[in-house]
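Enquirer: Before I ask anything, let me first share the structure, which is written out below as C-alpha cells.
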Amino acid sequence: MSSTVNPTRFFGLGGMQEIGKSTLVIEDDHDIVIIDAGIKFANIFLTGIKGMVPNYQYLQKKQEKIRGLFITHGHEDHIGGIVYLVQEVNIKKIFAPKIAIEYLKAKFDDQKINPKVTFVEINKMDSYRFESLTVDFWTAQHSIPDAFGIRVSSKHGSIMCTGDFRFDYTPIGNYTDFERLKEIGNQRLTALFSDSTNAMRPNHSPSERDILADIEMHMRSATRKIIITAFASNLTRIKALIEIGVKLGKKILVFGRSMVNGINIGRRSGYINVSDDVFLGKNLNGVEENQMLILTTGSQGEQLAALDRMSNKKHPKISIEPRDMIIFSSSPIPGNKIKIEHLINRLYKLSAIIKENGPDGYLHTSGHAYKAEHEKIFQLTKPKYFFPYHGEYRMSVAHSQTAIESGVDPKNVIIAENGQVFKMVDQEIYKTREKIPCEPIYIDGETISRDNSRIINERQEMRENGFVFVLIPFHKEKNLLTGRISIITKGTFSVRTGSQIIAEIRRLCFTSVKFFTEKNQKWSPPQIKQLIKNRLNAYFHRTKRWKPVILTKILYIDQKVDFIKEYQAKKGEKFMIHTLEKSKFDSNFEKLNLQNSDKNNEISKENPLKTDKFFKPKNLEGKISQKSSKNYYNNQVFNQDFKPKTDNYVKLFKKDNLKTTKLRRNLQTFDSKKSFNDSTSKKASFLWKKPQINGQNSIITSSFLTSLTDKKVKNEEDSLKSIKKFPTSKKLNLKTPYEKRAKVNKNDFLNLKNLTYNNRKNTNNHKSSHSLTEQKSFVPLKNNKPTEVFYRKNQKDDLFNSHKNWKMTKKPFFVQPPQDKITKQDNIAEKVKKQRNNE
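Residues in the sequence shown are numbered consecutively from 955, following our numbering.
Below, the structure is given as C-alpha cells:
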C-alpha cells in the first residue's frame, strides 16, 4: 500500500440492492465526482409519498470539493433527485447528454426553481481532468437516446459505471461503442459497477427492430383508430412509432402530460424531426376514425391517466368504440400487474381489440441487458473487482454469479450496501468500517421531509387498522375527572354497530384512569396514555382482533366550564340576539306582575286560542312581542341538550284534589253569602299548572277558563259574574328553566306552545250542560307518557253527582257546577247588582 498518496474513496448513496435512487460518489484528496442523482418511486404501501431520494448530508459537508455532477442518461431513476440535490448542495456544473439537459430544464421550470448551475453537454470523445480525478465516456444503447457509460480514473486505479445499457446488434439510433469498451479493458479496469436489472433473464434481449416489425404488422391490420400506449421516457420507441404512422398515412394525436413533454423535448433537441402537419390539434372535425393514431400514457394502469379515462368513458376527446385497436407496447413494472389487468378487462368490455406483449408477438423489449449481454461486457472490460448495481438483492446475486462464470475472482465480487465506504489503493480495493448516513429522504408532495420515517409507519398502521382518539378532561388541582370522556374513531367500525363499542371504551377508560389516579397521587401524562393504550389494545385484541392506532390526549380543566355559555358565545350574533330577547321576556314578566290583574288578563273573545299556534294574548299593556316569546321558546328547546335530563313533569294530583274540594265547599256555602269583597272579586285568579313539557311552563288563567266554562256568558257583565262565582286559588310559585330566577307570583300570560286546542265537531256538545269537558281538551303535541299528561281525557259523567268518579278521574282545569246551583247563584248576583244600583 502506498504511503505517499491518500487512497481513493467511493461509495453509493443509493442504487445498491435496489432499483432507483442511483447515486455513486467517488472522492479523492481534492476532488469529488458524483455520478447520477436519481429518485426511487414509492410503492403502494407508502401512503402520500411521491418518492425517495438519498440523504445528501455528507455532500453538504464536502460541497467545496465537488467538481461536478455527471449524468449517464435522462431517466427519472438517474436524474429525478437532482431537483432536490441542487437545493441542498452547491452543485456548480452538471455534465449531461443533450436530451437529459432538456429534461432537467423542464423539471426546474416545473418546480419553479432557478439554481446557479451550469449545464455542460457531453459527447463520447470528451474527457475532463480535475486536480486528482479524470472523467471520460463511452456511448451506450438504451431506450432513451444519448446514453453514456462513465469512467473515473485516479492515481490508484479506475472505476467504471455502465448506467442502464443493452447490446443491440441491429440498433435504431445510437449504438454501443464496443471498441471503446475493449480499450478500457486493455487499460486495466479496477472496478466495474454494472446494471443488474435483468440479470436473471437468460440469453439476449430482443432487438428493437423486431419489436417495431410486429407493431407495424398489427397497425396495418386495424380497420378503425389505433391507440398505442408506451413509456413516455422511451423516446427511441416513440420516434419509431411516429415514423411508422407517417408511413401509413395516419394523423397523430398525443395524450398525457409526460408523453407530450417527451415528444416536445425530442423535437427541440432535434431527435424527432417531423413536420407539424403530422400532429392533429384539438379540432378533430373531418378526420376519419381509421386515419387516427393515438399515442397515450397509462400503460401501467395509472389512475386518471389518459388511457384509464378512455376505458371509463371519461375522456373529453376520445371514446373507445368496438373494433378499435389498443396496443400495449410496454411490460408491467413490479407492483402494477393487478392495475393493468383491471384496465385491460375494462377495455375488453368496450369490445376493443387488445394487443399485448407476449401473446400477440414482440411488442416491447427492455432497455436493460440480459445475462448474455452481461457476459459480453465482462469479456470486453475484464474488471478486477465487480459491484452489482441498480438491482434488487436477488438480481445482484444472479449478476454476481454471472461475473464469477465470466472469470472474475469470487473474492472480488462484492454486493455492497448503501453508504458502505470502500477505498482503492494501487489497484486494490479494501472495505472500511465507515458508513455514510444514507437513510432515504421521503418526498411528501413536493417537499423533502427528513424525519418522517415515524410518520410513514403511522400512516401505514392507520391505513391498515384505523385509529381511536381518547380525550380525557381532568382537573389538575383536584386530581379527578371533570367531564365525559370523548371518543373519536376513524376506520375502525361502522356507526351502526359502534355505539356499544364506544360505550365500552369509555367505561374502560373511566375506570382505569379513576382507579390509577386514586391509587397514585403523583402521576404523569405518559403513564395515563400508556395505561389507556394497554387497556384498549387488550380489549380490541380480545374481542375484535383489531390493532388500531390509539391516541390519548389529557385536557386539563382548572375550573368548571359552562359548556352552554361557551357554545352560545361561539354563536356570536345569534347569542347576542337571544340575550336581548331573554331580557325583554324577563322585564315583561316583572311588568305583568305589577299591572292590574283585570287589565293584564283581558282576553279577546273572538278566537281566543289558535288551533295551530301557541296562545297569543291581546290588549296587554306589558305585551310581549311575538318574536321575543318565540325566540325564548326556541332557546329553551335549543338548550335542553346541554342540561341534565330530569323528569320535569309536575304531578299536581294532590293539589288538584285540595283545590277542587275547596271549590265545592265554596259552591255549597255560596247561598249564605250576601256580599262580595270588591277588591277580591276584581282580582284575576291564576291556576298555575307546571307540567314541564320540553322544558317549558304552561300558565293558564282562570278568567280564560271561566269564559270557556260558561257558554251562556256573552257580555262583560256575565263574565264578571262568572269570576265572582268562583273564588281565586292560592298563588303558586313558577319555577322557570333558568336556575336562581326570581319567583313569579301571578299575572303571567298564557303559554300553550306545546299544547293544541282541539275542537270537537259534535254539534250536540254545545247544548250540553257539561260542555267544557265534552267539547274541549288540551293534548300535548308530543306523545308523552299517558300518566304524565294532565287533563287528557274528556269526562262525560257528572262529576258532582258521583264522589267516587270524582276521585278516580284526572281533573280538568275547571268543572262546571250543576245547573240548579248556577241558577241560584245567578239570582244572588242579580240581587247584589240591584242593591248597588239603589245605593
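Don't be surprised by glycine CBs; every beta carbon is placed ideally from N, CA and C.
Predicted model only: the values in this text are computed from it and were never measured.
Counting only the same chain and skipping the five closest in sequence on each side, list residues whose C-beta sits under 6 Å from that of Ile1048.
Expert: The residue labelled residue 1048 in the question sits at position 94 within the sequence shown. Once the five neighbours on either side are set aside, the close Cβ partners of Ile1048 are Leu1023, Val1071 and Phe1073.
Enquirer: Quick check: the segment 1119-1132 against the segment 1340-1357, are at least 3 beta-carbon pairs closer than 8 Å?
Expert: No, they do not touch.
Enquirer: Specify the secondary structure class of Met1813 as computed by DSSP and reduced to three states.
Expert: Given that the chain is displayed from residue 955 to residue 1793, the structure contains no residue 1813 and the question cannot be resolved.
Enquirer: For Pro1427 and Gly1452, what's the separation of their Cα atoms in angstroms?
Expert: Taking the sequence shown and counting its residues from 1, one reaches residue 1427 at position 473. Taking the sequence shown and counting its residues from 1, one reaches residue 1452 at position 498. Straight-line Cα distance between these residues: approximately 22 Å.
Enquirer: Spatial neighbours of Pro961 within its chain, please: CB distance less than 7 Å, with the 5 preceding and 5 following residues excluded, ordered by chain position.
Expert: Position 7 of the sequence shown, counted from the start, is the residue given in the question as residue 961. Counting only Cβ-Cβ distances below 7 Å, and skipping sequence neighbours, we find His1110, Lys1377, Met1378 and Val1379.
Enquirer: Excluding the 5 residues preceding and the 5 following Arg1348 in the sequence, name in chain order all residues of the same chain whose CB lies nearer than 8 Å to its CB.
Expert: One-based indexing of the sequence shown puts residue 1348 at position 394. Within the same chain, Arg1348 has close Cβ partners Met1154.
Enquirer: Quick check on the burial criterion: 16 or more other C-beta atoms within 10 angstroms. Buried or exposed for Arg1134?
Expert: Here residue 1134 corresponds to residue number 180 of the sequence shown, with the count starting at 1. Counting Cβ neighbours within 10 Å, Arg1134 comes out buried, since at least 16 surround it.
Enquirer: What residue does the beta strand (DSSP E) around Ala1260 start on, and which one ends it?
Expert: Within the sequence shown, the letter at position 306 stands for residue 1260. It is not in any beta strand (DSSP E) - Ala1260 instead sits in the alpha helix (DSSP H) that spans Ala1260 to Ser1265.
Enquirer: Return the residue from the list Gln1381, Asn1433, Gly1216 and Ser1283 that minimises the CA-CA distance to Ala1060.
Expert: Sequence index remark: in the sequence shown, residue 1060 carries index 106 (1-based). Comparing Cα positions, the closest option is Gly1216.
Enquirer: For the putative contact between Ile1055 and Trp1092, defined by C-beta atoms under 8 Å, what is the C-beta separation to the nearest angstrom?
Expert: On the sequence shown, residue 1055 is found 101 positions in, with the first residue counted as 1. On the sequence shown, residue 1092 is found 138 positions in, with the first residue counted as 1. So it is not a contact: roughly 19 Å between Cβ atoms.
Enquirer: Among Gly1312, Phe1102, His1344 and Thr1183, which one has its Cα closest to the Cα of Gln1254?
Expert: Mapped onto the sequence shown, residue 1254 falls at position 300. Gln1254 has its Cα closest to that of Thr1183, out of Gly1312, Phe1102, His1344 and Thr1183.
Enquirer: Under 8 Å by Cβ, that's how I've got Phe1121 and Gln1095 pegged, so tell me the actual separation to the nearest angstrom.
Expert: Taking the first residue of the sequence shown as 1, we reach residue 1121 at position 167. Taking the first residue of the sequence shown as 1, we reach residue 1095 at position 141. About 7 Å separates the two Cβ atoms, so the contact holds.
Enquirer: What is the DSSP secondary structure of Ser1440, reduced to helix, strand or coil?
Expert: For the purposes of this step, residue 1440 is identified with residue 486 of the sequence shown, where counting begins at 1. Three-state result, Ser1440: strand.
Enquirer: For the 8 Å Cβ check, are there 3 or more pairs between the segment 1386-1396 and the segment 1461-1476?
Expert: Because the criterion of three Cβ pairs below 8 Å is not met, the segment 1386-1396 and the segment 1461-1476 do not touch.
Enquirer: Using beta-carbon positions only, say whether Lys1501 and Asn1419 come within less than 8 Å of one another.
Expert: As a working mapping, residue 1501 is identified with position 547 in the sequence shown. As a working mapping, residue 1419 is identified with position 465 in the sequence shown. For Lys1501 and Asn1419, yes; Cβs fall inside 8 Å.
Enquirer: In three-state terms, what does DSSP make of Pro1342?
Expert: Counted from its first residue, the sequence shown places residue 1342 at position 388. Pro1342: strand per DSSP, three-state reduction.
Enquirer: Drop a sphere of 10 angstroms on the beta-carbon of Asp990, count the other beta-carbons inside from all chains shown, and report buried for 16 or more, exposed for fewer.
Expert: For the purposes of this step, residue 990 is identified with residue 36 of the sequence shown, where counting begins at 1. Looking at its Cβ environment, which holds 16 or more other Cβ atoms inside 10 Å, Asp990 is buried.
Enquirer: Around the Cβ of Ser1123, are there at least 16 other Cβ atoms within 10 angstroms (buried) or fewer (exposed)?
Expert: Here residue 1123 refers to the residue found at position 169 when the sequence shown is read from its first residue. It should be pointed out that residue 1123 corresponds to Tyr in this sequence rather than to Ser. Exposed, by the Cβ-count rule.
Enquirer: Going by DSSP in three states, Glu1728 sits in which element: helix, strand or coil?
Expert: Here residue 1728 refers to the residue found at position 774 when the sequence shown is read from its first residue. Note that Glu1728 scores a pLDDT of 39, beneath 50, so its modelled location is shaky; the value from the coordinates is reported in the next line. Glu1728 falls in the helix class under three-state DSSP.
Enquirer: With distances taken between CB atoms, is the gap from Ser1344 to Ser976 smaller than 8 Å?
Expert: Working through the sequence shown from its first residue, we reach residue 1344 at position 390. Working through the sequence shown from its first residue, we reach residue 976 at position 22. Reading the sequence as shown, one finds His at residue 1344 and not Ser. Going by C-beta atoms, His1344 is nearer than 8 Å to Ser976.
Enquirer: Report the three-state DSSP secondary structure of Pro1391 (helix, strand or coil).
Expert: Along the sequence shown, one-based indexing puts residue 1391 at 437. In this structure, Pro1391 counts as coil in the three-state DSSP scheme.
Enquirer: According to the Cβ coordinates, are Asp983 and Ser1112 closer than 8 Å?
Expert: The count along the sequence shown starts at 1 and reaches residue 983 at position 29. The count along the sequence shown starts at 1 and reaches residue 1112 at position 158. It is not a contact, given that the beta carbons lie outside the stated cut-off.
Enquirer: By the three-class DSSP mapping on this structure, what secondary structure does Thr1497 have?
Expert: Residue numbering aside, residue 1497 sits at position 543 when the sequence shown is read from its first letter. Three-state result, Thr1497: helix.
Enquirer: Taking all protein chains shown into account, do 16 or more other C-beta atoms lie within 10 angstroms of the C-beta of Ile1442, making it buried, or fewer, making it exposed?
Expert: Along the sequence shown, read from residue 1 onward, the residue named residue 1442 stands at position 488. Exposed.
Enquirer: Hey, quick one: how far does the beta strand (DSSP E) through Ala1145 stretch, first residue to last?
Expert: Residue mapping note: residue 1145 aligns to position 191 of the sequence shown, counting from 1. Looking at the DSSP string, the run of the beta strand (DSSP E) that includes Ala1145 is Ala1145 to Asp1149.
Enquirer: Considering only residues of the segment 1033-1085, which uninterrupted alpha helix (DSSP H) runs meet the minimum length of 4 residues and lie entirely inside it, listed in chain order?
Expert: Listed in chain order, they are 1036-1042 and 1052-1065.
Enquirer: Looking at the structure shown, is Leu1238 part of a helix, part of a strand, or coil, going by DSSP?
Expert: Looking up residue 1238 in the sequence shown gives position 284. Coil, per DSSP.
Enquirer: Taking Cβ to Cβ, would you say Lys1372 is nearer than 8 Å to Tyr1339?
Expert: Counted from its first residue, the sequence shown places residue 1372 at position 418. Counted from its first residue, the sequence shown places residue 1339 at position 385. The sequence given here has Asn at residue 1372, not Lys. No, the pair does not count as a contact, with Cβ atoms beyond the cut-off.
Enquirer: Taking C-alpha atoms, which residue in Thr1151, Leu1505 and Ala1101 lies nearest to His1322?
Expert: Against the sequence shown, residue 1322 aligns to sequence position 368. Minimum Cα distance to His1322 is reached at Thr1151.
Enquirer: Just the C-alpha distance for Val1228 and Gly1199, rounded to the nearest angstrom, thanks.
Expert: On the sequence shown, residue 1228 is found 274 positions in, with the first residue counted as 1. On the sequence shown, residue 1199 is found 245 positions in, with the first residue counted as 1. Going by the C-alpha atoms only, they are around 11 Å apart.
Enquirer: Beta-carbon within less than 6 Å of Arg1191's beta-carbon, same chain only, minus the 5 sequence neighbours each way: which residues are those?
Expert: By 1-based counting over the sequence shown, the position of residue 1191 is 237. Counting only Cβ-Cβ distances below 6 Å, and skipping sequence neighbours, we find Ala1184.
Enquirer: Hey, could you find the ends of the beta strand (DSSP E) Ile1206 is sitting in?
Expert: Numbered from its first residue, the sequence shown carries residue 1206 at position 252. Lys1205 to Phe1209 is the span of the beta strand (DSSP E), which, as asked, contains Ile1206.
Enquirer: Per DSSP, what kind of secondary structure is Asp1031 in: helix, strand or coil?
Expert: Sequence index remark: in the sequence shown, residue 1031 carries index 77 (1-based). Correct three-state label for Asp1031: helix.
Enquirer: What first and last residue would you give for the alpha helix (DSSP H) that runs through His1172?
Expert: One-based indexing of the sequence shown puts residue 1172 at position 218. Glu1162 to Ser1175 is the extent of the alpha helix (DSSP H) around His1172.
Enquirer: Count the C-beta pairs between the segment 1193-1210 and the segment 1218-1232 that are closer than 8 Å, then say yes if the count reaches three, no if not.
Expert: Yes, the segment 1193-1210 touches the segment 1218-1232.
Enquirer: Comparing alpha-carbon positions, which option in Thr1177, Gly1220, Leu1202 and Val1208 lies nearest Ile1307?
Expert: Taking the sequence shown and counting its residues from 1, the one referred to as residue 1307 is at position 353. Comparing Cα-Cα distances from Ile1307 to each of Thr1177, Gly1220, Leu1202 and Val1208, the minimum goes to Thr1177.
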